[in-house]
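Colleague: Quick one: structure below, then a few questions.
2 protein chains.
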Amino acid sequence: MQDIATRVWNHKWKIDPIVRSLIDTDFYKLLMCQSVFRNKPDTTVTFSLINRTQSVPLAKLIDEGELREQLDHIRTLTLRRGESTWLRGNTFYGQRQMFTPAFMDWFEALRLPPYHLERVGDQYELTFEGAWPEVMLWEIPALAVIMELRSRAVLKDLGRFELQVLYARAMTRVWEKVERLKSLPDLRLADFGTRRRHSFLWQDWCVQALTEGLGGSFTGTSNCLIAKNRDLEAIGTNAHELPMVYAALTRDDAALARAPYDVLADWHEEHSGNLRIILPDTYGTEGFLERAPDWLAGWTGIRIDSGDPATGAETAIRWWKARGEDPTEKLVIFSDGLDVEKIEQLHAQFAGRVRVSFGWGTLLTNDFRGLVGDRLNPFSLVCKAVAADGRPTVKLSDNPRKAMGPAAEVERYKRVFGVGEQVEREVVV
Amino acid sequence: MQDIATRVWNHKWKIDPIVRSLIDTDFYKLLMCQSVFRNKPDTTVTFSLINRTQSVPLAKLIDEGELREQLDHIRTLTLRRGESTWLRGNTFYGQRQMFTPAFMDWFEALRLPPYHLERVGDQYELTFEGAWPEVMLWEIPALAVIMELRSRAVLKDLGRFELQVLYARAMTRVWEKVERLKSLPDLRLADFGTRRRHSFLWQDWCVQALTEGLGGSFTGTSNCLIAKNRDLEAIGTNAHELPMVYAALTRDDAALARAPYDVLADWHEEHSGNLRIILPDTYGTEGFLERAPDWLAGWTGIRIDSGDPATGAETAIRWWKARGEDPTEKLVIFSDGLDVEKIEQLHAQFAGRVRVSFGWGTLLTNDFRGLVGDRLNPFSLVCKAVAADGRPTVKLSDNPRKAMGPAAEVERYKRVFGVGEQVEREVVV
Numbered sequence: 006m007q008d009i010a011t012r013v014w015n016h017k018w019k020i021d022p023i024v025r026s027l028i029d030t031d032f033y034k035l036l037m038c039q040s041v042f043r044n045k046p047d048t049t050v051t052f053s054l055i056n057r058t059q060s061v062p063l064a065k066l067i068d069e070g071e072l073r074e075q076l077d078h079i080r081t082l083t084l085r086r087g088e089s090t091w092l093r094g095n096t097f098y099g100q101r102q103m104f105t106p107a108f109m110d111w112f113e114a115l116r117l118p119p120y121h122l123e124r125v126g127d128q129y130e131l132t133f134e135g136a137w138p139e140v141m142l143w144e145i146p147a148l149a150v151i152m153e154l155r156s157r158a159v160l161k162d163l164g165r166f167e168l169q170v171l172y173a174r175a176m177t178r179v180w181e182k183v184e185r186l187k188s189l190p191d192l193r194l195a196d197f198g199t200r201r202r203h204s205f206l207w208q209d210w211c212v213q214a215l216t217e218g219l220g221g222s223f224t225g226t227s228n229c230l231i232a233k234n235r236d237l238e239a240i241g242t243n244a245h246e247l248p249m250v251y252a253a254l255t256r257d258d259a260a261l262a263r264a265p266y267d268v269l270a271d272w273h274e275e276h277s278g279n280l281r282i283i284l285p286d287t288y289g290t291e292g293f294l295e296r297a298p299d300w301l302a303g304w305t306g307i308r309i310d311s312g313d314p315a316t317g318a319e320t321a322i323r324w325w326k327a328r329g330e331d332p333t334e335k336l337v338i339f340s341d342g343l344d345v346e347k348i349e350q351l352h353a354q355f356a357g358r359v360r361v362s363f364g365w366g367t368l369l370t371n372d373f374r375g376l377v378g379d380r381l382n383p384f385s386l387v388c389k390a391v392a393a394d395g396r397p398t399v400k401l402s403d404n405p406r407k408a409m410g411p412a413a414e415v416e417r418y419k420r421v422f423g424v425g426e427q428v429e430r431e432v433v434v
Numbered sequence: 006m007q008d009i010a011t012r013v014w015n016h017k018w019k020i021d022p023i024v025r026s027l028i029d030t031d032f033y034k035l036l037m038c039q040s041v042f043r044n045k046p047d048t049t050v051t052f053s054l055i056n057r058t059q060s061v062p063l064a065k066l067i068d069e070g071e072l073r074e075q076l077d078h079i080r081t082l083t084l085r086r087g088e089s090t091w092l093r094g095n096t097f098y099g100q101r102q103m104f105t106p107a108f109m110d111w112f113e114a115l116r117l118p119p120y121h122l123e124r125v126g127d128q129y130e131l132t133f134e135g136a137w138p139e140v141m142l143w144e145i146p147a148l149a150v151i152m153e154l155r156s157r158a159v160l161k162d163l164g165r166f167e168l169q170v171l172y173a174r175a176m177t178r179v180w181e182k183v184e185r186l187k188s189l190p191d192l193r194l195a196d197f198g199t200r201r202r203h204s205f206l207w208q209d210w211c212v213q214a215l216t217e218g219l220g221g222s223f224t225g226t227s228n229c230l231i232a233k234n235r236d237l238e239a240i241g242t243n244a245h246e247l248p249m250v251y252a253a254l255t256r257d258d259a260a261l262a263r264a265p266y267d268v269l270a271d272w273h274e275e276h277s278g279n280l281r282i283i284l285p286d287t288y289g290t291e292g293f294l295e296r297a298p299d300w301l302a303g304w305t306g307i308r309i310d311s312g313d314p315a316t317g318a319e320t321a322i323r324w325w326k327a328r329g330e331d332p333t334e335k336l337v338i339f340s341d342g343l344d345v346e347k348i349e350q351l352h353a354q355f356a357g358r359v360r361v362s363f364g365w366g367t368l369l370t371n372d373f374r375g376l377v378g379d380r381l382n383p384f385s386l387v388c389k390a391v392a393a394d395g396r397p398t399v400k401l402s403d404n405p406r407k408a409m410g411p412a413a414e415v416e417r418y419k420r421v422f423g424v425g426e427q428v429e430r431e432v433v434v
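Sequence lines, in order, name chains A and B.
Sequential numbering of the first sequence, starting at 6, is according to this note's numbering.
Sequential numbering of the second sequence, starting at 6, is according to this note's numbering.
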């Protein structure tokens, strides 16, 4: 017997909104947003969507009207009362009132600023321009919307039982990964999979699978909404956008060379403990650590987000030792292109030598590889700050395939930061 | 835990189609269609939507784009294999092969012809023009679509629990009616509620409630799809459109006066037993019966569809007696604006004197009166043949409020059929 009321309810929705909350975003975005709100509130930035996997023709797959409906829906969102209460009152990284009343007042009044969308060939040009603290909050929902619309475009062709089997297989795959990870002693792992997830519900399911399967080894999720709903820790610290924008704002080479450290000096003022995590690869890890002031060696840990992760971690260990720090007390967070094999390898190599932690992203929340041919395979979509106060941003990374910025500026940055030959690595996600 | 596959499936539909099958229509439409296909295949007709309840501003309530999507969807439908098998092989009114191979071949190849839709003030002008056997099949789906879009427009404003309560109340109401009807001895009642139903699922639920509650007193449903799916009798005979079009095609008063009997002469050729039901009110019941040929008195019964039903039935009884027929062997089918009180009254007055049967329509399948203020109250929407081969049709009815046609033609018909003063009765549905 059909439940008519439920069915009518389900079909009343004009659209099935993908992002339904302003806190359906990564925790580090909010931390960084508060830092920017305090330190650089008047900076104007441009964020731009970049599909690094050009073989996925997003504009052919995703209807422009549907994309606009989803983005327009996000612009209707405001912080709900319960969400605000949670941000104001919850303990994050052991600390109460992580978010200041001034920031929360601002956030409660916020609606996301306009977007600019244009189809260019088979890709979309999606950009956001305006005040940094506002525009930066578009990154995660914009990515999540495009990823999920792409999933839906592929799922459209599947029958009811094909869908049932598809999800059954994907669930089995996640669960088999969990079973393997269970056997790693003292594993610490968090979900970092919001931005390139298959769908919101799927991320939510994956998080529940990790909670159930990994117990205390699962440290939490970067997704604030899921952390709130599922009573988990919200996880995350800072990202490349801070040094990229700080660097773009500088007026000479000397200031540019200082910019990455200025970012962390500001962060040092604001945060302590496990939130003091260095992200060293924006303009090359080696040079960054060599020239780093001593107070940075006192920070809690480092996040390895590009290049060969083992090499990056060994570099960090050598650096800590050279600065008289005990690596076994330091935290190394791996967060680049992880899957279960890589996690096992890195765990085997570094467990005991440092405190190891994993931020597992796309291949946790979007591993449908091979389940509908290659049509649901994850791909490398990012949404980055490309300009600040009218000046282009540059990223060098430890993997030149992840580099971005105008060629002349890239050369200048390489010179200033002393970056030489780099090894190219395939960018899966 | 969400069933993600089911949820994805539910949200994949661009629209939630209201009419999903060519046999989601009244059985008598198919009987008449076969008759027209045999006797008047080349007649061109125009069907037109008429909202007799002008206080319901359909064009304000229903989005034109959504209406077009629903109508366009109906034009994509063709007879499914199982539906064709059922029509070809099922027993209707005790007879096998009710539908001839020639008709079924034609029906299998059919798609409904184009429609013309225009907003005029707060109402829609919706017309269908073309070959009679094709155009006539638009009537029921067109009505059902508009009725259900109107329901949806009202339901749009309701929350999830309001919907739950709404349907709980409506179900309670139907069930209380069933409980009352249960006590009527030898009741015979069928569902005639397709065209003005609240929704397809709701009609389906009502039919199941009658099946469960009334047992053998529930004789079946006019809806072919529900009859097929629920293994019930498909019920229905013929309607006003036959005499209206036959009459419009005549060239002089003498032929006009004969037209209603010509219709039944054709029907007499094709059908026997319980399908030989006179519908006498198109141009006035009194005159029709007075001038009827004797072979018509030998028919099985009569359907009372306008005017005071008790008066109509008494008239029929007197007529049968005058023609030497035994009324207790005759069937009287009441089908106009019935609800449970009226059914009880008519049952009390006529049970035993004739074989009584009820065709319960709108107040079975669309009684949400008072449940959302008056916003879900049923209203009087019809879709009628308004012209045949370029000549206007006329209906007089036993209730002048149901009359239609150009004034001069109405006067001519009244003269030809000897219709004098008539009593106006409110048209509820």
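Note that the Cβ used here is the ideal one computed from N, Cα and C, for glycine as well.
Tell me which residues share the same chain as Glu69(B) and place their Cβ nearer than 8 Å to its Cβ, disregarding the 5 neighbours each side in the sequence.
Modeller: Same-chain partners within the cutoff: Leu122, Arg124 and Tyr129.
Colleague: Quick one: which unbroken alpha helix (DSSP H) runs of 4-plus residues sit fully inside the stretch 384 to 433 of chain A? Chain order, please.
Modeller: 412 to 422
Colleague: Indicate whether at least one CB of chain A lies closer than 9 Å to the CB of Leu206(B).
Modeller: Taking 9 Å as the CB threshold, Leu206(B) lines the interface with chain A.
Colleague: Where are the beta strand (DSSP E) runs, 3 residues long or more, that stay fully inside the stretch 289 to 349 of chain B, in chain order?
Modeller: Segments of the beta strand (DSSP E) lying fully in the stretch 289 to 349 of chain B: 306 to 309 and 336 to 339.
Colleague: So, under 8 Å CB-CB, Ser26(A) and Glu74(A) are touching, yes? Tell me the CB distance rounded to an integer number of Å.
Modeller: Their Cβ separation, rounded to whole angstroms, is 17 Å, which puts Ser26(A) and Glu74(A) out of contact at 8 Å.
Colleague: For the stretch 62 to 104 of chain B, list the beta strand (DSSP E) runs that are entirely contained and at least 3 residues long, ordered along the chain.
Modeller: Taking only runs of at least 3 residues, no beta strand (DSSP E) segment lies wholly in the stretch 62 to 104 of chain B.
Colleague: Output needed for Ser40(A): all residues of its chain with C-beta closer than 8 Å, excluding positions within five of it in sequence on either side, in chain order.
Modeller: Asn243, Leu247, Asp271, Trp272 and Glu275
Colleague: What residues in its chain sit with their C-beta under 7 Å from that of Leu148(A), if we drop five residues either side in the sequence?
Modeller: Here the set comprises Arg200, Arg201, Leu386 and Cys388.
Colleague: Leaving out five residues before and five after Arg360(A) in sequence, what residues of the same chain have Cβ atoms less than 8 Å from its Cβ?
Modeller: Arg193, Gly306, Thr333, Glu334, Lys335, Leu336 and Val337
Colleague: Short check: CB of Phe42(A) to CB of Trp91(A), under 9 Å?
Modeller: no
Colleague: For the alpha helix (DSSP H) holding Thr367(B), just list the boundary residues, first then last.
Modeller: Thr367 to Thr370
Colleague: Mind checking which residues open and close the alpha helix (DSSP H) that includes His273(B)?
Modeller: Here the alpha helix (DSSP H) through His273(B) covers Asp258 to Glu275.
Colleague: For Val268(A), does the count of other Cβ atoms within 10 angstroms reach 16, so buried, or fall short, so exposed?
Modeller: buried
Colleague: Take Asn44(A) and list the residues in its own chain whose beta-carbon comes closer than 8 Å to its own, dropping the five residues that flank it on each side.
Modeller: Asp271
Colleague: Report the three-state DSSP secondary structure of Asp31(A) (helix, strand or coil).
Modeller: strand
Colleague: Closer than 9 Å, CB to CB, is Lys17(A) near chain B or not?
Modeller: yes
Colleague: With 9 Å set as the bound, which would you pick, yes or no: does the beta-carbon of Glu72(A) sit closer than that to a beta-carbon of chain B?
Modeller: Position check: residue 72(A) holds Leu in this sequence, whereas Glu was assumed. No, Leu72(A) does not count as interfacial toward chain B.
Colleague: Shortest alpha-carbon distance to Arg241(A) belongs to which of Phe339(A), Ile322(A), Gly164(A) and Leu160(A)?
Modeller: Note that residue 241(A) is Gly in the sequence shown, not Arg. With distances taken between Cα atoms, Gly241(A) lies closest to Phe339(A).
Colleague: Is Gly375(A) helix, strand or coil when you go by DSSP?
Modeller: strand
Colleague: Going straight from the alpha carbon of Trp325(A) to that of Gly94(A), what length do you get?
Modeller: 36 Å
Colleague: Using a cut-off of 9 Å between C-beta atoms, extract the partners of Leu168(B) located in chain A.
Modeller: Against chain A, the beta carbon of Leu168(B) has neighbours under 9 Å at Ile9, Ala10, Thr11, Val13, Trp14 and Lys17, listed in chain order.
Colleague: Below 7 Å on C-beta distance, what does Asp21(A) contact in chain B?
Modeller: His16
Colleague: Ala356(A) to Ile322(A), Cα distance in whole Å?
Modeller: The alpha-carbon atoms of Ala356(A) and Ile322(A) are separated by roughly 13 Å.
Colleague: In or out: Phe97(A) buried (at least 16 other Cβ within 10 Å) or exposed?
Modeller: The Cβ neighbour count for Phe97(A), taken over all protein chains shown within 10 Å, is at least 16; the residue is labelled buried.
Colleague: Grouping DSSP H, G and I as helix and E and B as strand, with all else coil, what is His245(A)?
Modeller: coil
Colleague: Please list, in chain order, the chain B residues whose beta carbon lies closer than 9 Å to that of Leu160(A).
Modeller: Val13, Trp14 and Lys17
Colleague: Since Leu194(B) is in the beta strand (DSSP E), which residue starts that stretch and which ends it?
Modeller: Leu194 to Asp196
Colleague: Note the first and the last residue of the continuous alpha helix (DSSP H) segment covering Ala114(B).
Modeller: Ala114(B) -> alpha helix (DSSP H) spans Pro106 to Ala114.
Colleague: Verify whether the separation of the beta carbon atoms of Asp379(B) and Asn228(B) is less than 9 Å.
Modeller: no
Colleague: Taking the C-alpha atoms as reference points, what is the distance between Pro265(A) and Pro397(A)?
Modeller: 16 Å
Colleague: Glu139(A) to Arg374(A), Cα distance in whole Å?
Modeller: Answer to the nearest angstrom: the Cα atoms are 35 Å apart.
Colleague: Does the separation of the CB atoms of Ile145(A) and Leu84(A) fall below 9 Å?
Modeller: no
Colleague: When the Cα of Arg155(A) is compared with those of Lys182(A), Pro314(A), Ser204(A) and Ala412(A), which residue comes out closest?
Modeller: Ser204(A)
Colleague: Hey, Met37(B) and Met141(B) are a contact pair by Cβ (cut 8 Å); roughly how many whole angstroms apart?
Modeller: 7 Å
Colleague: Any C-beta of chain E sitting closer than 9 Å to the C-beta of Asp29(B)?
Modeller: Chain labels in this structure do not include chain E; the protein chains are A and B.
Colleague: Using the three-state DSSP reduction, which class does Ile151(A) fall into: helix, strand or coil?
Modeller: DSSP places Ile151(A) in helix when its eight states are reduced to three.
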